[in-house]
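Below: one structure, written as structure tokens.
Residue numbers (our numbering): 201 to 909.
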């Protein structure tokens, strides 16, 4: 029995029951336990939180005479007779039922029809639920859900109500799951233990956990069917809130731990912004100046900065990120810039290195492809403090790298690294100030989930010199126009990117590849121009040489994969062509488009759709024609692809929520975040709201390392 006494010891007895193996639940044998394990269900609690994927409204009992082919119906009828017959080497069971209006036949041919026949005694009354069809003139149901009507049965499980539908596997039917769930929920009489305080539940209008779990599996008779199917019911709201709350609580605890670490209250010279602005060949926008002031104010505090810098492609994030590097160096510390690829690291080194030189600072580059004397020299300069700003890739977090005194870190395109690498760089010394930049804007609800432990600074203004990029979608039949456009731009002395989804040909994917197409274009289409190739499988030195040739004009048309997606800055590039563009996410296309229009040349982006592209995919590409706004594009992309695919972060821990959806339930996510951060703040002030032994006992497993006893 699941008992949930409200005990001072943290609900230990309740937790013990919930953590029992699912094999101890009535109706679950060894075979079914193995089937449940395939769905990640191993404990009583797992089973309770196995939320229905949807519902079927079986509250209305329909007379047989009023049913129509194709409709789903629930019928109450008595057994007339049952027969077994052979059909195509299978045994088929037909059971004929009658109600006051007519006759219907139920047919079964899977499972064990001979054994099933014993269920149907003449004159017994059953509920039948399923899809109605015709067999000749006869009304039939194939494999309906059936439930025997007993006089003492005041609350049937499979009919006469809104019925839960569960994800099924072989041998694990929804009917069997409903029966087990009904027994499980019926065994306990008191409220399931919950660490959420009563005042929070009242404030957020949340029902009790016991009521939520009962109703989510078996909605009450007067429930709004659409609310339940759309996961908008009070029961769903409660469980979604719990899920978001404890996830945000983990973030809040980690943030509180981080902010409690010893940081550096950097001295901020009054003239630093003016001094830095004076070395720039352009004026900072109002948004950039505001972002710099937020960062400087953060760095002046004694706790470490932990901030996310967001801005559209070309909004000037890199120049803003230079400020914490300079401040740390002026205070006698070193700074680091970590980029996800060698191409981007080189790009940063070229830009940051030039600015650093004008500020009398020394920048060095450290990448994984460095070998021998060069590698040893750079490591020595870092260790001895002769390098002020270190720009690099993941090589910065290798054991051999020893900073003399690391004070500030800028991490570019963090979703390509992951939180683990960010933490490892922090751990290189005392806790440095950290500024994270993202390639494209992250929608608010997603930022609260993935970057929820960071403060947020947004650059919401584009530099006046930034060229808008005209975008057009071309179909396969318009290839002549595409190639003519490439020739025109290359003939004018401008650079052209042509991006493909694959490095090499794949016989199964049917996608074009950069390697094969580079050879074809060089030999048959653009033989009058210098065509180059760059992709991620090349070593760092090869990529650097090719990009330098492209920048200098030795290569006019560069065939590439998405290795050029981030950070490549070629002011003379005026045309971006993306082949089979429907294979890319909108945010990725926006990033690729951002590789052109970086100088004073009018620029274009051509999205070439593949052969046989669907209407939906073509409409999605038209969004790119309609807008250059990265924030708007990110929202659309998130709706289409979902959070994990949007960020490409399935491998590093985007939460696998059981029931919550950050898009659908954004309002609940915000309120849960507010309550979680307030709870941690209250606890740190010495209040006794939520975070005590009872909370830790209940949610330690879910919070993992964030929970410290």
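For every residue, glycine included, the Cβ atom is placed at its ideal position computed from N, Cα and C.
Beta bridge counterpart(s) of residue i as assigned by DSSP
| i | result |
| --- | --- |
| residue 637 | 509 and 612 |
| residue 330 | 273 |
| residue 788 | DSSP, once it has assigned bridges, lists no residue as partnering residue 788. |
| residue 341 | 306 and 332 |
| residue 287 | 290 |
| residue 221 | 243 |
| residue 805 | 671 and 776 |
| residue 282 | 295 |
| residue 552 | Paired residue(s): none; residue 552 is not in a bridge. |
| residue 566 | 592 |
| residue 496 | Partner(s): none; residue 496 has no beta bridge. |
| residue 325 | 278 |
Distance between beta carbons of residue j and residue i, contact taken as under 8 Å
| i | j | result |
| --- | --- | --- |
| residue 516 | residue 485 | 7 Å |
| residue 510 | residue 372 | Going by Cβ atoms, the distance from residue 510 to residue 372 rounds to 45 Å, so no, they are not a contact pair. |
| residue 277 | residue 264 | 7 Å |
| residue 504 | residue 632 | 7 Å |
| residue 428 | residue 362 | 6 Å |
| residue 841 | residue 785 | 6 Å |
| residue 294 | residue 283 | 5 Å |
| residue 699 | residue 760 | 5 Å |
Three-way DSSP call (helix, strand, coil) for residue i in this model
| i | result |
| --- | --- |
| residue 252 | coil |
| residue 200 | No answer is possible for residue 200: the residues shown for the chain start at 201 and end at 909. |
| residue 536 | strand |
| residue 347 | strand |
| residue 677 | helix |
| residue 491 | helix |
| residue 731 | strand |
| residue 516 | coil |
| residue 760 | strand |
| residue 313 | helix |
| residue 476 | helix |
| residue 369 | strand |
| residue 850 | Interpretation of residue 850 is limited by its pLDDT of 48, a score under 50 that renders its predicted location unreliable; the figure taken from the coordinates is listed afterwards. Note: residue 850 maps to helix in three-state DSSP. |
| residue 402 | helix |
| residue 863 | coil |
| residue 484 | coil |
| residue 257 | strand |
| residue 364 | strand |
| residue 893 | Confidence in residue 893 is poor, its pLDDT being 47 and thus under 50, which makes the residue's placement unreliable; the coordinate value appears in the next sentence. Helix at residue 893. |
| residue 868 | helix |
| residue 607 | strand |
| residue 578 | helix |
| residue 228 | coil |
| residue 702 | strand |
| residue 768 | coil |
| residue 687 | helix |
Residue i: first and last residue of the uninterrupted beta strand (DSSP E) it sits in
| i | result |
| --- | --- |
| residue 738 | Where residue 738 is concerned, there is no enclosing beta strand (DSSP E), given that its DSSP letter is neither H nor E. |
| residue 797 | Note, residue 797: premise wrong, no beta strand (DSSP E); not H, not E. |
| residue 825 | Careful: residue 825 lies outside any beta strand (DSSP E), inside the alpha helix (DSSP H) at 815 to 826. |
| residue 659 | 655 to 659 |
Enclosing alpha helix (DSSP H) for residue i [first to last residue]
| i | result |
| --- | --- |
| residue 717 | 714 to 720 |
| residue 385 | 374 to 386 |
| residue 559 | That residue, residue 559, is in no alpha helix (DSSP H); it is neither H nor E in DSSP. |
| residue 458 | 434 to 460 |
| residue 697 | Looking at the DSSP string, residue 697 is not in any alpha helix (DSSP H); the run it does join, the beta strand (DSSP E), is 695 to 699. |
| residue 832 | 830 to 841 |
| residue 409 | 409 to 417 |
| residue 646 | 644 to 650 |
| residue 426 | 425 to 429 |
Below 8 Å, how does it come out for the region 680 to 699 and the region 650 to 668: are there three or more Cβ pairs, yes or no?
no
Mind the definition here: the region 561 to 572 touches the region 539 to 550 only if three or more C-beta pairs lie below 8 Å; say whether that holds.
yes
Report yes or no: do three or more beta-carbon pairs, one from the region 265 to 276 and one from the region 324 to 337, lie closer than 8 Å?
yes
Report yes or no: do the region 493 to 504 and the region 518 to 534 share at least 3 C-beta pairs separated by less than 8 Å?
yes
Is the number of C-beta pairs between the region 251 to 263 and the region 305 to 320 that are closer than 8 Å three or more?
no
Examine the Cβ distances between the region 862 to 874 and the region 442 to 457 and report whether three or more of them are shorter than 8 Å.
yes
Would the region 595 to 615 and the region 396 to 410 be scored as touching if the rule is three or more Cβ pairs under 8 Å?
no
For the pair the region 798 to 808 and the region 771 to 779, tell me if three or more CB-CB distances fall below 8 Å.
yes
Would you say the region 729 to 737 touches the region 808 to 819, given that touching needs at least three Cβ pairs under 8 Å?
The region 729 to 737 is not in contact with the region 808 to 819.
Any 3 or more C-beta pairs closer than 8 Å across the region 591 to 605 and the region 546 to 554:
yes
Taking 8 Å as the cut-off, does the region 831 to 838 touch the region 417 to 437 (at least 3 CB pairs, one atom from each stretch)?
no
Taking 8 Å as the threshold, find out whether the region 341 to 350 comes into contact with the region 319 to 327 through three or more Cβ pairs.
yes
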